[in-house]
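Comments concern the structure below.
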Amino acid sequence: MTADQLPHLETFAEAAELGSFTAAGKALGLTQAAVSQRIHALEQLLGRPLFERQGGRVLLTETGHRLHDYARRILALHREAIHELTGRKLPPAAGELSLATSSVPGEHLLPGLLSVFRERHPHIQVRATVSDTRQVLRQVEQGQAEVGLVGGKVDNPHLEYRCIATDRLALVVPAGHPWARRKRLLLAQLGGQPLILREAGSGSRWCLERALAQAGKSLSDLQVALELGSNEAIKEAVQRGLGAAFLSTHAVRQDVASGKLHALEVSGLPLEREVFAVWDRRRALPTPARLFLDLLESPTGEHPS
Numbered sequence: 185m186t187a188d189q190l191p192h193l194e195t196f197a198e199a200a201e202l203g204s205f206t207a208a209g210k211a212l213g214l215t216q217a218a219v220s221q222r223i224h225a226l227e228q229l230l231g232r233p234l235f236e237r238q239g240g241r242v243l244l245t246e247t248g249h250r251l252h253d254y255a256r257r258i259l260a261l262h263r264e265a266i267h268e269l270t271g272r273k274l275p276p277a278a279g280e281l282s283l284a285t286s287s288v289p290g291e292h293l294l295p296g297l298l299s300v301f302r303e304r305h306p307h308i309q310v311r312a313t314v315s316d317t318r319q320v321l322r323q324v325e326q327g328q329a330e331v332g333l334v335g336g337k338v339d340n341p342h343l344e345y346r347c348i349a350t351d352r353l354a355l356v357v358p359a360g361h362p363w364a365r366r367k368r369l370l371l372a373q374l375g376g377q378p379l380i381l382r383e384a385g386s387g388s389r390w391c392l393e394r395a396l397a398q399a400g401k402s403l404s405d406l407q408v409a410l411e412l413g414s415n416e417a418i419k420e421a422v423q424r425g426l427g428a429a430f431l432s433t434h435a436v437r438q439d440v441a442s443g444k445l446h447a448l449e450v451s452g453l454p455l456e457r458e459v460f461a462v463w464d465r466r467r468a469l470p471t472p473a474r475l476f477l478d479l480l481e482s483p484t485g486e487h488p489s
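Under my numbering, the sequence shown has 371 at position 187, and the numbering climbs by one with no breaks.
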């Protein structure tokens, strides 16, 4: 091997994606010590550290991130060359994809995405959890999920966001409500109307609070009657006359079409938002996660907007 060749790229890529030298060793049939020796040799050649240890895991340095991109491209070219020159069939992508989603993308975007993903990559097992946006961001940052789908974002230097869809909140009231024949009302008219809200930490709640702030208002200016932790519970409460609610148009589309609920716009309240895929840039995304993100950019990976 000449001095300008990069050794042990497969070992490096496994350690980067699994976040553990021990796990990488198990995947490759090596001891943890052998993995450490290979990574050390690579670091010595480059003259820079590739990993830093944090909370029992190894996280990539900036140099490690840059090398991982090259490593995956080089390894992919190796496989492509073997296939082209020998005719040997490439093994299908396999492994596990860990997703966490907030309620709107989880209930209304994810099923269609997973249908296409399953068709393309049948050997990848998907594990998905649904909670609120704050919980999803925490799971991604703590490494419990590789990719998250959320209806809002926070300033965090470790998190990378990609917009995958758009959404809009509407004020919904039950059939028979005095506003059920109106298309629009003024923000000032909401003052005496009992409202049902999602819990703090949900993307819908963030969107509403942000819109109120832009209009010079806050939740304290409204009559909050209930806080509930799911869109389905809120829709049921609205239908029972317990109050009006701001909900995603994705979540209420069928209820509005069937006449169970009526949706209105509120003048002067900007309730549009973006839906994001999010991941932690400190961790190298394994192949299943990268394939899922590729699907989100694919023209055939269509999703509602």
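Each residue gets a CB set at the ideal place from its N, CA and C atoms; glycine is no exception.
Quantities reported herein were computed from a predicted structural model and do not represent experimental measurements.
Could you check which residue in the options has the C-alpha nearest to that of residue i?
i, options, result
"H262", "E194, E303 and E458", "E194"
"K419", "R389, V338 and R382", "R382"
"I380", "S386, Q309, L412 and S402", "L412"
"D405", "A421, L294 and Q377", "Q377"
"Q438", "G425, E416, G327 and G452", "E416"
"R365", "G443, V242, P306 and G240", "G443"
"G332", "A461, S315, R466 and W363", "A461"
"L243", "R465, L455, E458 and R318", "R465"
"R389", "R457, Q238 and W463", "R457"
"G239", "R322, G203 and A197", "G203"
"G425", "A441, P470 and W363", "W363"
"L545", "E236, G248 and R237", "The structure shown does not extend to residue 545, since the chain is modelled only from 185 to 489, so the question has no answer here."
"A260", "R237, S299 and A197", "A197"
"Q423", "H361, A441, A473 and G385", "H361"
"A384", "V408, Q323, R318 and R352", "R318"
"L190", "A441, I258 and Q407", "I258"
Taking DSSP's pairing of strands, which residues face residue i in a bridge?
i, result
"C347", "F460"
"G332", "A284 and V462"
"I380", "L410 and A429"
"E449", "R368"
"L243", "E236"
"V314", "T285"
"R352", "E456"
"G279", "I308"
"P358", "L445"
Can you list, in chain order, the residues of its chain with a C-beta nearer than 6 Å to that of residue i? Leave out the 5 residues immediately preceding and following it.
i, result
"R311", "S282"
"L392", "F430"
"A354", "T433 and A447"
"T285", "L294, V314 and L333"
"L445", "V356, V436 and D439"
"T186", "Low confidence applies to T186: its pLDDT is 48, below 50, so where it sits in the model is not reliable enough to give any reading."
"A359", "G443"
"R394", "none"
Express the C-alpha separation of residue j and residue i in angstroms, rounding to a whole number.
i, j, result
"E246", "T215", "26 Å"
"D253", "G335", "28 Å"
"V288", "A435", "7 Å"
"P483", "H292", "Reliability fails at P483, whose pLDDT of 47 lies under 50, so the model's placement of it is uncertain and the value that follows must be treated cautiously. Computed Cα separation, rounded: 18 Å."
"V219", "A468", "17 Å"
"G279", "G375", "52 Å"
"L410", "V320", "23 Å"
"V338", "C347", "14 Å"
"H192", "R222", "6 Å"
"S489", "A200", "The predicted model places S489 with a pLDDT of 39, which falls under 50 and marks its position as unreliable; any figure quoted below should be read in that light. The alpha-carbon atoms of S489 and A200 are separated by roughly 34 Å."
"P454", "G387", "15 Å"
"L475", "E268", "22 Å"
"G296", "L479", "11 Å"
"R256", "T471", "9 Å"
"A207", "G327", "15 Å"
"R352", "E481", "21 Å"
"L226", "S414", "49 Å"
"I266", "G290", "39 Å"
"V300", "R272", "26 Å"
Assign residue i to one of three DSSP states: helix, strand, or coil.
i, result
"V436", "helix"
"G485", "Low confidence applies here, because G485 scores a pLDDT of 46, under 50, leaving its location unreliable and the question unanswered by this model."
"A265", "helix"
"Q326", "coil"
"P454", "coil"
"P295", "helix"
"W363", "coil"
Identify, in the order they occur along the chain, each residue of the same chain with its Cβ nearer than 7 Å to the Cβ of residue i, setting aside the five sequence neighbours on each side.
i, result
"K367", "L448 and E449"
"S402", "L396"
"G209", "T215, Q216, A218 and V219"
Within its chain, find whatever has a CB closer than 8 Å to the CB of residue i; leave out the 5 residues flanking it on each side and keep chain order.
i, result
"G452", "L370, L371 and A399"
"F205", "A199, Q216, V219, S220, I223 and V242"
"E325", "N340, H342, L343 and D464"
"T350", "E456, R457, E458, V459 and S489"
"Y345", "K337, F460, A461 and V462"
"P233", "E227, T245, T247 and G248"
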